[in-house]
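Here the structure comes first, spelled out in C-alpha cells, and everything after it is commentary.
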Amino acid sequence: MDITSFVVQGRDQALLYGDYSTYHTQLAKRLLNSRKKLGIATKNRGKFHNKDDVTAEHVGGSHEYVNLLLLTSERAWAQAMSIKSAHTTGQKGIAGRTRSHIVSRLDKAARTAQDLVDVLSETNASGASSHDVLEAKAYAALIRGAMQFEKHTWEPCLQSYAITRVIYSALATAGKGDLFKDLLSETIDPSIRYAAYQLKTPRTIPIPTIARNAFPRTDGTLVREINKIDRTILAEADAASQAGASVAENAPRTLTWRSREVQIEDAQISLAWASVDGAKSRLAETLAGSEDREPYEVAAAYDEILTATQDAVDATKQAIDDLKGEGVAQSDPRMQRLQVTRTAVNYEMISWRIGRNRVLTGRQDGAPEEYGSLRRKKKTKAASTAAMKERELPTSRKLAKLKEKLALYDGTLQNLQSVKELPGVAADEGLATKLDAFQAYFESLKCLSIARSHAIVGSVANALALINRSVKLCKASTSKLPQSRDATNAFPWNVEVTPEAVDSLGQLLNGELQRHRAIVHIDNLRKDGKDGAGNGVKGVPLIERLHDYPAHGVDLDNLVEFPPKMGLIPMKPIFLDVAWNYIDYPGKAPPETPSATPAEPVEEPAPQPRRRWFGFGR
C-alpha cells in the first residue's frame with residue numbers, strides 16, 4: 001500500500017497540465033471507476049443508497065478500498081484548494097463564508113483520512129504493515145494540518161505538521177527519501193515555519209527542532225513505531241536542544257556596526273558570524289611573522305575567512321527574502337535590523353577581499369618597483385646566493401607583471417564602489433569620507449603602475465603626467481584619511497589603509513616625480529639640440545668634435561652622449577709601424593763614417609729574395 005506515492009503521483013500528474021479544478025474533475029472520474037470495480041456504484045437513474053462504511057475486512061479482501069478512501073479524501077481536498085486559489089487572486093480575497101466552505105471541505109478530507117487510519121490500525125484484519133499505518137497517519141496529519149491552517153488555529157496546526165514531518169523523516173531513512181524530501185521542502189516545512197512565526201517562535205530555532213519539540217509524546221503507539229524505525233529521530237530532540245543551548249551560548253546574539261548594536265534575527269546568521277570571528281582569529285595566528293612568505297602563500301590563508309563571510313552574507317539575504325515573502329514591510333524593526341546586519345556582513349566580506357588583493361600586489365601595496373613572480377618558485381641552497389643578484393627581466397615580462405597589478409587594483413576599486421552602494425553607507429559621512437580616501441589611495445597606486453609601463457616603453461612624457469596625477473590623488477587621500485595612529489600596518493590586511501602607508505606612498509611618489517621630471521627634461525634637450533645646426537653636425541657631442549673650432553659657440557647641453565652607448569675607437573693599423581722603417585724622406589742623406597785606411601773591397605752579399613711584409617712571401 002504505497003499511500004504517499006499514490007497521493008503524490010496523482011497530484012503531480014494532474015497539476016502538471018492543469019490546476020486544482022482539473023485535479024478535482026479527474027478525481028471524480030477515478031472515484032467512479034473505483035466504485036464500479038468494487039460494485040458499489042449507483043446505477044444510472046437509480047436511487048442513491050448510503051452504503052456501509054469501509055471496514056478492515058473490506059481492506060483485507062481488496063486494497064481497492066484503500067484507494068477509495070484516498071480518492072474520497074483527495075477529492076474534498078482538491079475542491080477546497082480550487083476554491084482557495086480562485087478567491088486568492090481576486091480583489092476581495094477570501095471572505096468569511098468562502099473560508100467556511102474551504103474549512104468544511106478540508107474537514108471532510110481529514111475525517112476520511114482518519115477513517116483510513118482507523119481501518120489500517122486493525123492490522124490483523126486489514127493485513128497492513130507498520131509502514132502502511134505510519135504513512136496513513138502522516139497523510140491524515142497533513143490534511144488535518146491544512147484544515148487547521150485555514151482555521152488559523154496555529155498550535156494544533158503546528159502539532160499536526162510536526163507529526164507529519166517526524167513520520168516522513170523516519171520513513172526517509174528506510175527508503176523513498178527523494179519522495180519524502182520533496183514533500184517536506186515544498187509543503188510541510190514552509191507551513192511549520194509560518195505556524196511557528198504566528199506563535200512568536202524565534203526564527204533562530206531550526207525547523208527540525210521546532211517539529212521535534214511540537215511532536216506529541218502522549219501517543220505512545222506512534223512513538224514506539226517511530227523508534228522501531230530510527231531511535232535517533234526523537235532522541236535527537238533533547239540532544240538538539242542541548243546542542244542548540246551550547247551553540248546559543250557561544251554564538252553572538254548581537255552585532256555591532258559603526259557604534260550601533262543590533263540583535264541578530266536568525267540562527268544561521270548567528271552561527272555564520274561566529275564562524276567569521278573564529279576564522280579571523282585563526283588568520284591572525286597564521287599570518288603572524290609572515291614577512292618571509294611568498295604572496296601566494298599569504299593570499300591562500302584568506303580562503304577560510306572569505307568563505308565564512310560569504311556564508312554570513314547568504315544567510316542574511318535568505319532571512320531578508322523570507323521576511324519579504326511573508327509580507328513584512330521595510331519599516332518593521334526586524335527588517336531594519338536585518339538591513340543593518342546586511343551592511344555589516346557585506347562590508348566585512350568585501351574588506352577581506354580587498355585585503356587579499358593587497359597581499360597579492362606585493363610589499364607596500366605594490367608601490368616599490370618590483371617585478372617578482374607571484375607563483376611558486378623552487379629554491380635551493382645553491383640558488384639562494386645567486387638570487388641576490390636579480391636578473392633583468394625583459395620588457396614583455398615587466399609589462400605582464402604590471403598588468404597583473406592593474407587587474408588587482410581594478411578589482412579593489414570595484415569592491416570599494418560596491419561598498420558605497422550598501423544601505424546606510426552614503427548617509428554615514430565619516431565612513432563615506434574614509435572610503436573616498438581609500439579609493440584615492442588605490443587609484444594613486446593604479447596611476448603609478450600605468451606610469452611605469454609608459455616609462456618602460458619610452459613614453460616618458462606620459463609617465464610624468466601619470467605620476468603627477470598619482471601625487472595629487474595621494475595628497476587627496478592624505479587630506480581625507482583620519483590621522484589616527486591607533487591602527488597598525490601588520491597582518492592581516494583588509495580594507496583599512498593606515499596613514500603610515502599613505503605617507504610612505506607620498507614620499508615614494510615625490511621621488512619618482514623629481515626623477516621623471518629630470519628624465520623628461522633631458523629627453524627634451526636631446527630632441528631640441530642646438531649645437532651644429534649650421535654645419536650639419538647637429539647632435540654630435542662636443543667630446544667627439546674637439547678637433548673642430550666651435551664657430552657658433554659651445555653647446556653646454558651637448559657635451560657628452562647620454563645615455564652612453566658602446567662605440568668604436570679609432571686606432572692606427574699595425575702595418576704603418578712596419579712601413580715606417582722603409583720610408584725615405586727626400587733631401588736626407590745617410591750619415592758618413594770616416595775611415596783611416598783605404599777601404600778594402602767588400603764582398604757583396606748574394607742577393608736575397610724579396611720578402612713581403614710580416615716575413616711572408618715567396
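Number 131 in the UniProt record's numbering belongs to position 131 of the sequence shown; there are no gaps in the numbering. The beta-carbon is built from N, C-alpha and C at its ideal position, and this holds for glycine as well. Small disclaimer: the values here were computed from a predicted structure and weren't measured.
Spatial neighbours of residue i in its chain, beta-carbon cut-off 7 Å, leaving aside the 5 residues before and after
i	result
residue 75	24, 27, 28, 31
residue 316	269, 338, 341, 342, 345
residue 263	253, 254, 337
residue 308	272, 275, 276, 279
residue 150	99, 102, 103, 106
residue 456	395, 398, 399
residue 222	137
residue 492	283, 284, 287, 355
Other residues of its chain near residue i: CB distance less than 6 Å, five sequence neighbours each side excluded
i	result
residue 20	78, 81, 82, 85
residue 334	265
residue 165	188, 211
residue 257	340, 344
residue 488	Confidence at residue 488 is low in this model, with a pLDDT of 46, below 50, so its placement is unreliable and no value can be given for it.
residue 299	356, 359, 360
residue 58	65
Neighbour-count burial assignment, residue i, 16 or more Cβ in a 10 Å radius
i	result
residue 543	exposed
residue 342	buried
residue 494	buried
residue 36	exposed
residue 12	exposed
residue 571	exposed
residue 16	exposed
residue 131	buried
residue 200	exposed
residue 329	exposed
residue 378	Caution is warranted here: a pLDDT of 48 is assigned to residue 378, below 50, making its placement in the model unreliable, and the coordinate value is therefore given only provisionally. That one is exposed.
residue 389	Here residue 389 scores only 47 on pLDDT, less than 50, and its place in the model should not be relied on; the value that follows carries that caveat. So residue 389 ends up on the exposed side.
residue 381	Reliability fails at residue 381, whose pLDDT of 45 lies under 50, so the model's placement of it is uncertain and the value that follows must be treated cautiously. Residue 381 is exposed by the Cβ-count criterion.
residue 96	exposed
residue 521	exposed
residue 439	buried
residue 452	buried
residue 363	exposed
residue 479	exposed
residue 566	exposed
residue 560	exposed
residue 665	As shown, the chain starts at 1 and ends at 618. That puts residue 665 outside it, with no answer to give.
residue 403	exposed
Top-ranked residue by Cα proximity to residue i, from the options
i	options	result
residue 303	359, 112, 232, 57	359
residue 433	409, 406, 497	497
residue 539	428, 452, 562	562
residue 361	325, 445, 314, 426	445
residue 113	69, 134, 146, 145	69
residue 207	228, 224, 162, 223	162
residue 8	40, 71, 57	71
residue 219	167, 195, 173, 197	167
residue 116	153, 67, 145	67
residue 524	512, 472, 464	464
residue 515	468, 476, 556	468
residue 129	454, 172, 1, 353	1
Extent of the continuous beta strand (DSSP E) to which residue i belongs
i	result
residue 255	254-257
Unbroken alpha helix (DSSP H) run spanning residue i, endpoints
i	result
residue 262	First-last for residue 262: 260-263, but that is the beta strand (DSSP E), not the alpha helix (DSSP H).
residue 326	Per DSSP, residue 326 belongs to no alpha helix (DSSP H) and is neither H nor E.
residue 395	395-420
residue 35	20-38
residue 499	499-527
residue 79	64-88
residue 482	Note, residue 482: premise wrong, no alpha helix (DSSP H); not H, not E.
residue 430	429-457
residue 493	Segment: none, residue 493 is in no alpha helix (DSSP H) and carries neither H nor E.
residue 341	333-361
residue 60	56-61
residue 627	What the structure shows of the chain is the stretch from 1 to 618, and residue 627 is not part of that stretch, so it cannot be assessed.
residue 280	267-286
residue 392	No alpha helix (DSSP H) holds residue 392; DSSP gives it neither H nor E.
residue 147	130-151
residue 7	3-17
residue 159	154-174
residue 198	189-198
8 Å Cβ shell around residue i - same chain, five flanking residues per side excluded
i	result
residue 367	445, 448, 504, 505, 508
residue 349	306, 309, 310, 312, 313
Residue i CB to nearest heavy atom of the ligand MN below 8 Å
i	result
residue 500	Among the components modelled here there is no ligand, and therefore nothing to report on the ligand MN.
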